[in-house]
Each structure stands twice: as structure tokens, then as C-alpha cells.
Amino acid sequence: MLHIESAKYYGDYKIKVHFNDGSTHIVDLEHTIFNDNRPIIKALSNKKLFQDFSIQLHTITWTNGLDFAPEFIKSCSIQSIKETA
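In C-alpha cells:
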């Protein structure tokens with residue numbers, strides 16, 4: 008089962024996410040935020056709210072109660088990052 012281990016705001020509507028499968032991705036949620044009409048998702052167009060997230064129950068959770076499945080978040084990847092030790 009895919010889990011998010013850490014996440015850091017990257018800029019605009021992007022987040023750098025490290026998954027339990029060892030991969031790290033830059034995910035871009037702008038398309039989702041601006042093309043989904045549900046108010047809970049539209050609220051993330053406010054960048055201050057977008058940046059106000061934490062990891063809970065193995066995924067990213069925003070202070071307005073929104074979360075997405077880790078699989079969906081990974082599907083929004085625009086770049087895979089190879090981490091070096």
C-alpha cells in the first residue's frame with residue numbers, strides 16, 4: 008500500500024513528496040484545484056491554505072479537512088527526483 012512519508016511545499020501549487028516506495032516526486036495539484044468545482048477543493052486556490060498541510064494517516068491533509076489518496080497524489084507527478092545520500 009502506498010504511503011506518503013514526508014511532504015514539503017515546493018512553490019505555486021506544487022509539493023515535493025517522498026513515498027514509502029522510496030520514490031520522491033514533485034506533484035502539481037493546480038489542475039485539480041482549478042478544475043474541480045467542489046468547494047473543499049476550490050478553497051485550496053488560496054495559496055496560504057494550500058501551504059497549510061500536514062501528514063496524517065499516511066497522506067497529505069489540509070487544515071480544511073481535505074485529503075487525497077497517495078495514489079492520486081503520485082499520479083499528479085510532474086517530475087521524479089532521484090535522491091542521493
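All letters in the sequence shown, in the order written, are residues 8 to 92 by the working numbering. The beta carbon of each residue, even a glycine, is placed where N, CA and C say it ideally should be. This one's a predicted model, so the numbers in the text were calculated from it and none came from an experiment.
Item                                                                                                                                                   : Value
Which residues in the same chain have their Cβ closer than 6 Å to the Cβ of residue 51, if we skip the five residues on either side of it in sequence? : 40 and 57
Roughly how many angstroms lie between the CA atoms of residue 35 and residue 21, to the nearest whole one?                                            : 4 Å
With residue 32 as the anchor, note down where its beta strand (DSSP E) starts and where it stops.                                                     : 31-35
Can you give the Cα-Cα distance for residue 2 and residue 27, rounded to whole angstroms?                                                              : There is no way to answer for residue 2, as the model of the chain reaches only from 8 to 92.
Let me know the secondary structure DSSP gives residue 66 once reduced to three states.                                                                : strand
Which class does residue 50 belong to by DSSP, given the choice of helix, strand or coil?                                                              : helix
For a test of the three-state rule: what should DSSP assign to residue 38, helix, strand or coil?                                                      : helix
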